[in-house]
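Heads up: the sequence lines are chains A and B, in that order. Quick note on this note's numbering: the first sequence kicks off at 284 and runs consecutively. Quick note on this note's numbering: the second sequence kicks off at 284 and runs consecutively.
Number of protein chains: 2
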Amino acid sequence: MVDKNIRIKDIAKLAGVSVGTVDRVLHNRGRVSPEALKKVTEVMEQIDYKPNLIARTLGSNKNYRIAALLPDPKQDPYWAQSNLGITQAQTEWAQYGIQVELFLFDLLDKSSFQKTAHQVYLAKPDGILIAPIFYHEALPIFELFRETDIPYVLFNTNIAEAAPLSFIGQNLYQSGRVGAELLHFGQHEPGTLAVLHIDEDIHDSVHLLEKEKGFREYFQDKGKINFTIIDFILNPKDPSFNNQLEQLLQDNSLRGIFVSTSKGTAVTASFLEKQGKRDIRLVGYDILEENMKYLKSGIIDFLINQNPKRQASLGISHLVNHLMFKKGTPGTDLFPLEVITQQNVDSYLGSGIH
Amino acid sequence: MVDKNIRIKDIAKLAGVSVGTVDRVLHNRGRVSPEALKKVTEVMEQIDYKPNLIARTLGSNKNYRIAALLPDPKQDPYWAQSNLGITQAQTEWAQYGIQVELFLFDLLDKSSFQKTAHQVYLAKPDGILIAPIFYHEALPIFELFRETDIPYVLFNTNIAEAAPLSFIGQNLYQSGRVGAELLHFGQHEPGTLAVLHIDEDIHDSVHLLEKEKGFREYFQDKGKINFTIIDFILNPKDPSFNNQLEQLLQDNSLRGIFVSTSKGTAVTASFLEKQGKRDIRLVGYDILEENMKYLKSGIIDFLINQNPKRQASLGISHLVNHLMFKKGTPGTDLFPLEVITQQNVDSYLGSGIH
DNA sequence: AAATTAAATGTGTGCGCACACATTTTAAAA
DNA sequence: TTTTAAAATGTGTGCGCACACATTTAATTT
Numbered sequence: 284m285v286d287k288n289i290r291i292k293d294i295a296k297l298a299g300v301s302v303g304t305v306d307r308v309l310h311n312r313g314r315v316s317p318e319a320l321k322k323v324t325e326v327m328e329q330i331d332y333k334p335n336l337i338a339r340t341l342g343s344n345k346n347y348r349i350a351a352l353l354p355d356p357k358q359d360p361y362w363a364q365s366n367l368g369i370t371q372a373q374t375e376w377a378q379y380g381i382q383v384e385l386f387l388f389d390l391l392d393k394s395s396f397q398k399t400a401h402q403v404y405l406a407k408p409d410g411i412l413i414a415p416i417f418y419h420e421a422l423p424i425f426e427l428f429r430e431t432d433i434p435y436v437l438f439n440t441n442i443a444e445a446a447p448l449s450f451i452g453q454n455l456y457q458s459g460r461v462g463a464e465l466l467h468f469g470q471h472e473p474g475t476l477a478v479l480h481i482d483e484d485i486h487d488s489v490h491l492l493e494k495e496k497g498f499r500e501y502f503q504d505k506g507k508i509n510f511t512i513i514d515f516i517l518n519p520k521d522p523s524f525n526n527q528l529e530q531l532l533q534d535n536s537l538r539g540i541f542v543s544t545s546k547g548t549a550v551t552a553s554f555l556e557k558q559g560k561r562d563i564r565l566v567g568y569d570i571l572e573e574n575m576k577y578l579k580s581g582i583i584d585f586l587i588n589q590n591p592k593r594q595a596s597l598g599i600s601h602l603v604n605h606l607m608f609k610k611g612t613p614g615t616d617l618f619p620l621e622v623i624t625q626q627n628v629d630s631y632l633g634s635g636i637h
Numbered sequence: 284m285v286d287k288n289i290r291i292k293d294i295a296k297l298a299g300v301s302v303g304t305v306d307r308v309l310h311n312r313g314r315v316s317p318e319a320l321k322k323v324t325e326v327m328e329q330i331d332y333k334p335n336l337i338a339r340t341l342g343s344n345k346n347y348r349i350a351a352l353l354p355d356p357k358q359d360p361y362w363a364q365s366n367l368g369i370t371q372a373q374t375e376w377a378q379y380g381i382q383v384e385l386f387l388f389d390l391l392d393k394s395s396f397q398k399t400a401h402q403v404y405l406a407k408p409d410g411i412l413i414a415p416i417f418y419h420e421a422l423p424i425f426e427l428f429r430e431t432d433i434p435y436v437l438f439n440t441n442i443a444e445a446a447p448l449s450f451i452g453q454n455l456y457q458s459g460r461v462g463a464e465l466l467h468f469g470q471h472e473p474g475t476l477a478v479l480h481i482d483e484d485i486h487d488s489v490h491l492l493e494k495e496k497g498f499r500e501y502f503q504d505k506g507k508i509n510f511t512i513i514d515f516i517l518n519p520k521d522p523s524f525n526n527q528l529e530q531l532l533q534d535n536s537l538r539g540i541f542v543s544t545s546k547g548t549a550v551t552a553s554f555l556e557k558q559g560k561r562d563i564r565l566v567g568y569d570i571l572e573e574n575m576k577y578l579k580s581g582i583i584d585f586l587i588n589q590n591p592k593r594q595a596s597l598g599i600s601h602l603v604n605h606l607m608f609k610k611g612t613p614g615t616d617l618f619p620l621e622v623i624t625q626q627n628v629d630s631y632l633g634s635g636i637h
């Protein structure tokens with residue numbers, strides 16, 4: 284038997300007050316005399332009290348409702364992954380009185396985002412997880428959330444002005460640099476490198492351009508002037524989409540393509556396969572079913588994993604930590620820029636936690 | 284307010300017995316009549332009861348002692364990382380009455396391993412985390428542990444006959460394949476590829492040869508006969524060590540080197556730097572301080588991260604889950620084969636969980 | 001049938017905390 | 001000074017579970 288951890292009761296005894304008073308000081312609920320406050324804080328300074336989070340949760344037997352606001356998973360396999368992460372977190376925390384309500388909006392419709400966000404507001408949840416992919420529409424929503432003092436966690440897309448409880452995502456600039464590095468690696472011949480932003484909507488152009496910035500600056504820093512970098516913003520729904528890609532392939536000095544979106548990666552890979560262009564290096568995003576197929580067949584060379592599933596599940600966990608355990612959460616949680624190859628992709632599929 | 288989770292009390296009411304009886308059934312402590320047992324199990328089958336793990340820990344207010352058996356962290360930065368993971372887990376769980384005792388042995392001395400393992404046995408801990416790097420010496424130790432019914436978790440090195448609570452580590456064969464892939468990538472010229480096993484002791488030769496097997500089979504599967512693969516087992520303490528490496532570099536068809544150990548990676552990188560050989564691709568293991576330096580300067584091209592820190596901390600967590608929460612743990616927890624590059628290495632340093 | 005023992009079942013307490021509520025102390029008003 | 005209100009402090013209960021212990025019931029023995 285070793286020295287047990289210090290309890291509230293111990294602090295109370297040391298300070299010569301009751302547990303109630305200590306409790307009031309700890310949670311600054313007021314109704315404490317200056318003298319009592321002084322005595323308790325003095326003890327607290329000497330002893331480093333770590334509340335038993337397990338007992339805390341049990342003691343305050345509350346039920347929390349968390350709202351998750353994200354694009355409809357049916358529209359995009361990327362968001363389907365995010366949704367999976369939320370479902371996973373949901374079942375994990377269900378037994379502790381945490382319920383997660385899904386609020387889905389149309390990926391291609393800004394007004395749908397606004398409308399659904401308002402529904403979240405009206406539902407008055409205890410915490411919110413949000414993927415704010417529409418910058419301008421999101422700003423007033425955050426104002427709303429702040430008014431009601433509901434803590435909110437951002438994931439996937441960061442918005443500087445949001446001031447959330449925490450942001451979970453990746454460093455997009457650095458992500459672009461990694462993409463550049465992977466395209467550049469072992470390329471000895473000079474030539475052209477293309478950056479493709481393939482999206483049905485231009486909503487997160489800022490988002491994508493951040494990656495491109497990193498991509499370009501990588502080469503600037505390397506001082507490699509023997510590569511010409513070109514970029515395109517393409518809409519796969521556009522009738523001229525295929526033509527545009529074909530035109531790109533006309534350039535037979537084309538060495539590699541960096542696609543900034545997960546969906547675009549599969550589209551480009553499919554196109555390259557049909558054209559029989561196996562010598563052009565392709566770097567894209569995320570371990571989606573389709574991407575994995577092309578990775579294994581060698582069309583895609585590298586994927587950068589954004590880990591949407593874990594981003595979402597960790598977002599819920601952060602809210603739970605904040606609400607239930609009253610634990611501090613990191614302001615920003617930047618995920619590693621995981622490089623996925625043909626040979627290591629399977630090792631990423633197994634365990635969910637990593 | 285939603286439907287709360289089912290409690291033991293609820294099951295008792297449904298089965299028409301007392302909570303004590305349900306408790307006895309749940310933990311099969313015996314002293315239950317066949318009829319009562321039947322009634323309870325019937326209810327249990329209909330209702331899927333999930334015990335409140337939080338209340339469980341609080342209820343059985345036990346203190347657990349966990350022993351961690353691993354090489355002395357002072358001998359090797361790799362094991363220093365493992366040790367860090369243990370320290371981290373230690374502080375995380377300390378407030379819940381979990382204490383972790385370190386048992387360190389000499390990395391180069393098998394008898395030291397045996398002796399220290401015996402000390403662990405005599406200490407009679409409630410759980411054991413062990414890095415069984417000496418195969419033959421470890422086998423009888425496991426026998427001992429099994430006799431006393433102390434649960435033990437293996438990390439770093441897997442031993443098929445060990446039958447542990449769980450193993451935490453990586454698929455070494457696949458790791459070798461990833462190494463091969465990274466060496467092969469973008470190599471158009473035929474030439475020689477070297478596999479280097481650099482270790483002061485040959486203890487985990489099996490361990491290392493598994494990586495080499497994966498490495499070789501990668502090329503066999505690709506049908507690439509334009510690469511000659513050679514391998515060396517080297518001891519950095521050997522006076523002829525430098526000579527042997529120099530001889531290797533004589534071969535100017537040498538395209539790349541795959542080093543199977545983390546320490547060996549730094550040693551090789553240092554050698555290549557001194558020789559001014561920047562055109563030879565180098566793939567090694569782990570984000571150690573020294574390796575990072577060579578990665579950033581471009582001597583090392585890729586590192587495969589074994590994540591010793593997380594392996595160790597997760598090992599402790601698994602034991603805690605087993606002992607304290609009575610949760611099931613996965614029999615094997617294979618970590619992803621993380622590919623570390625110049626551009627993504629920093630993203631791995633920040634957050635500890637990932 | 002009463003006494004003894006064993007098996008089965010039920011009850012009560014505490015883990016550390018949060019929070020409602022009771023009680024005491026102090027200050028302000030009558 | 002007594003009454004009333006407000007502020008400060010203390011006490012008690014429950015969260016869900018594990019586990020020790022008390023009680024009841026059944027099976028043996030005397």
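Backbone N, C-alpha and C define an ideal beta-carbon position, used for all residues, glycine too.
**OP:** Pick out whichever of B/423, B/374, B/520, B/445 has its Cα sitting closest to the Cα of residue 288 of chain A.
**Re:** On the first sequence, residue 288 of chain A is found 5 positions in, with the first residue counted as 1. Distances from the CA of residue 288 of chain A to each of B/423, B/374, B/520, B/445 were compared; the closest alpha carbon is that of B/374.
Subject >> Assigned secondary structure, residue 442 of chain B (DSSP; H/G/I helix, E/B strand, else coil) >> reply: Taking the first residue of the second sequence as position 1, residue 442 of chain B is located at position 159. It is coil, neither helix nor strand.
**OP:** Classify residue 355 of chain B as helix, strand or coil using the three-state DSSP reduction.
**Re:** Here residue 355 of chain B refers to the residue found at position 72 when the second sequence is read from its first residue. Collapsing the DSSP output to three states places residue 355 of chain B in coil.
Subject >> Beta-carbon proximity list for residue 664 of chain A, same chain, < 8 Å, skipping 5 on both sides >> reply: The question about residue 664 of chain A has no answer, for chain A in this structure spans 284 to 637.
Original post:
Going along the chain, which residues of its own chain have a beta-carbon closer than 6 Å to the beta-carbon of residue 379 of chain B, five neighbours each way excluded?
Top reply: Along the second sequence, read from residue 1 onward, the residue named residue 379 of chain B stands at position 96. Cβ neighbours of residue 379 of chain B beyond the five flanking positions: none.
**OP:** List the residues of chain A that residue 337 of chain B touches, going by C-beta distances under 8 Å, in chain order.
**Re:** Counted from its first residue, the second sequence places residue 337 of chain B at position 54. What residue 337 of chain B touches in chain A: 337, 340, 341, 379.
Original post:
Could you give the C-beta distance for residue 474 of chain A and residue 510 of chain A, rounded to a whole number, given that I count them as a contact under 8 Å?
Top reply: In the first sequence, residue 474 of chain A corresponds to position 191, counting from 1. In the first sequence, residue 510 of chain A corresponds to position 227, counting from 1. Their Cβ separation, rounded to whole angstroms, is 7 Å, which keeps residue 474 of chain A and residue 510 of chain A in contact under 8 Å.
Original post:
Would you call the segment 444-452 of chain B and the segment 609-622 of chain B in contact, with 3 or more CB pairs under 8 Å?
Top reply: The segment 444-452 of chain B is in contact with the segment 609-622 of chain B.
Subject >> Cross-strand partners of residue 478 of chain B (DSSP beta bridge) >> reply: Residue numbering aside, residue 478 of chain B sits at position 195 when the second sequence is read from its first letter. DSSP links residue 478 of chain B through a beta bridge to B/514, B/541.
Original post:
Using the beta-carbon of each residue, which ones in chain A are nearer than 7 Å to residue 621 of chain B?
Top reply: Position 338 of the second sequence, counted from the start, is the residue given in the question as residue 621 of chain B. For residue 621 of chain B, the chain A residues whose C-beta falls within less than 7 Å of its own C-beta are 621, listed in chain order.
Subject >> Host beta strand (DSSP E) of residue 452 of chain A (start-end) >> reply: To locate residue 452 of chain A, count along the first sequence from 1; it is residue 169. Taken as a continuous stretch (DSSP letters only), the beta strand (DSSP E) holding residue 452 of chain A covers 449-452.
**OP:** Flag this pair as yes or no: are the beta carbons of residue 566 of chain B and residue 466 of chain B separated by less than 9 Å?
**Re:** To locate residue 566 of chain B, count along the second sequence from 1; it is residue 283. To locate residue 466 of chain B, count along the second sequence from 1; it is residue 183. Their beta carbons are under 9 Å apart, which means residue 566 of chain B touches residue 466 of chain B by this criterion.
Original post:
Span of the beta strand (DSSP E) holding residue 332 of chain A?
Top reply: In the first sequence, residue 332 of chain A corresponds to position 49, counting from 1. Secondary structure note for residue 332 of chain A: it is in no beta strand (DSSP E), with a DSSP letter that is neither H nor E.
Original post:
If we call anything under 9 Å between Cβ atoms a contact, is residue 417 of chain B one with residue 399 of chain B?
Top reply: Along the second sequence, one-based indexing puts residue 417 of chain B at 134. Along the second sequence, one-based indexing puts residue 399 of chain B at 116. No, they are not a contact pair.
Original post:
How many Å lie between residue 292 of chain A and residue 341 of chain A at the Cα?
Top reply: Position 9 of the first sequence, counted from the start, is the residue given in the question as residue 292 of chain A. Position 58 of the first sequence, counted from the start, is the residue given in the question as residue 341 of chain A. Residue 292 of chain A and residue 341 of chain A: Cα-Cα distance of roughly 17 Å.
Original post:
When the Cα atoms are used, what is the spatial distance from residue 480 of chain A to residue 324 of chain A?
Top reply: Mapped onto the first sequence, residue 480 of chain A falls at position 197. Mapped onto the first sequence, residue 324 of chain A falls at position 41. So the alpha carbons of these two residues sit roughly 56 Å apart.
Original post:
So with Cβ pairs under 9 Å, would you call residue 333 of chain A a contact of chain B?
Top reply: Here residue 333 of chain A corresponds to residue number 50 of the first sequence, with the count starting at 1. Between residue 333 of chain A and chain B, the shortest Cβ-Cβ separation is below 9 Å.
Subject >> Local Cβ density within 10 Å of residue 471 of chain A, reported as buried at 16 or more and exposed below that >> reply: Stepping through the first sequence from its first residue, residue 471 of chain A is reached at position 188. Residue 471 of chain A comes out exposed.
**OP:** Give the DSSP-derived three-state secondary structure of residue 382 of chain B in the structure shown.
**Re:** Residue 382 of chain B sits at position 99 when you count from the first residue of the second sequence. Note: residue 382 of chain B maps to strand in three-state DSSP.
**OP:** Put residue 285 of chain B into one of helix, strand or coil per three-state DSSP.
**Re:** Locating residue 285 of chain B in the second sequence gives position 2, where the first residue counts as 1. Residue placement at residue 285 of chain B is flagged as unreliable, the pLDDT there being 48, under the threshold of 50; the coordinate-derived value follows with that caveat. Three-state result, residue 285 of chain B: coil.
Original post:
Which whole-angstrom value is the C-beta distance of residue 542 of chain A and residue 501 of chain A, which I expect to be below 8 Å?
Top reply: Here residue 542 of chain A refers to the residue found at position 259 of the first sequence. Here residue 501 of chain A refers to the residue found at position 218 of the first sequence. Residue 542 of chain A to residue 501 of chain A, Cβ: 16 Å. No contact.
Original post:
According to the neighbour-count rule (16 or more other Cβ atoms, all chains shown, within 10 Å of its Cβ), is residue 605 of chain A buried or exposed?
Top reply: As a working mapping, residue 605 of chain A is identified with position 322 in the first sequence. By the C-beta density criterion, residue 605 of chain A is buried, having at least 16 other C-beta atoms within 10 angstroms.
**OP:** Give the DSSP-derived three-state secondary structure of residue 604 of chain B in the structure shown.
**Re:** Within the second sequence, the letter at position 321 stands for residue 604 of chain B. If DSSP states are grouped into helix, strand and coil, residue 604 of chain B belongs with the helices.
Subject >> Against chain B: residues of the segment 452-474 of chain A by CB proximity under 9 Å >> reply: Taking 9 Å as the Cβ-Cβ cut-off against chain B, the residues of the segment 452-474 of chain A that qualify are 453, 454, 457, 458, 460, 461, 462, 463, 464, 465, 468, 469, 470, 471.
**OP:** Find the nearest neighbour of residue 437 of chain A within the set A/464, A/531, A/350, A/329, judged by alpha-carbon distance.
**Re:** By one-based count along the first sequence, residue 437 of chain A stands at place 154. Here the closest residue by C-alpha is A/350.
Original post:
Of all the CB atoms in chain A, is at least one closer than 9 Å to the CB of residue 558 of chain B?
Top reply: As a working note, residue 558 of chain B is residue 275 in the second sequence. Not an interface residue.
Subject >> Boundaries of the alpha helix (DSSP H) in which residue 498 of chain A is found, first to last residue >> reply: Taking the first sequence and counting its residues from 1, one reaches residue 498 of chain A at position 215. 488-505 is the span of the alpha helix (DSSP H), which, as asked, contains residue 498 of chain A.
Subject >> Residue range of the beta strand (DSSP E) that includes residue 585 of chain B >> reply: The residue given as residue 585 of chain B occupies position 302 in the second sequence. Residue 585 of chain B -> beta strand (DSSP E) spans 585-588.
Original post:
For residue 350 of chain B, which of helix, strand or coil comes out of DSSP?
Top reply: On the second sequence, position 67 is the one that residue 350 of chain B refers to. Strand at residue 350 of chain B.
Subject >> Straight-line gap, residue 563 of chain A to residue 537 of chain A (C-alpha atoms, nearest Å) >> reply: Reading the first sequence from its first residue, position 280 is the one you call residue 563 of chain A. Reading the first sequence from its first residue, position 254 is the one you call residue 537 of chain A. For residue 563 of chain A and residue 537 of chain A, the distance between alpha carbons rounds to 7 Å.
Original post:
Any contact of the segment 544-560 of chain B with the segment 350-365 of chain B, i.e. 3+ C-beta pairs under 8 Å?
Top reply: By the Cβ test, the segment 544-560 of chain B is in contact with the segment 350-365 of chain B, since at least three Cβ pairs between them sit closer than 8 Å.
Subject >> Proximal residues of chain B, C-beta to C-beta of residue 373 of chain A below 8 Å >> reply: Mapped onto the first sequence, residue 373 of chain A falls at position 90. Near residue 373 of chain A there are no residues of chain B at all, since even the closest Cβ is about 13 Å away, more than 8 Å.
**OP:** For the segment 524-573 of chain B, list the beta strand (DSSP E) runs that are entirely contained and at least 3 residues long, ordered along the chain.
**Re:** Every beta strand (DSSP E) stretch that sits fully inside the segment 524-573 of chain B and reaches 3 residues is listed by chain position as 537-542, 564-568.
**OP:** Please classify residue 428 of chain B: does DSSP put it in a helix, a strand, or coil?
**Re:** Counting from 1 along the second sequence, the entry for residue 428 of chain B is found at position 145. Looking at residue 428 of chain B - three-state DSSP - the assignment turns out to be helix.
Subject >> Given residue 414 of chain B as reference, the closest of B/524, B/309, B/338, B/365 once Cα atoms are compared >> reply: Within the second sequence, residue 414 of chain B is the residue found at index 131, counting from 1. Ranking B/524, B/309, B/338, B/365 by Cα distance to residue 414 of chain B puts B/365 first.
**OP:** State the beta-bridge partners of residue 674 of chain B as determined by DSSP.
**Re:** Outside the displayed range of chain B (284 to 637) lies residue 674 of chain B, so it cannot be described from this structure.
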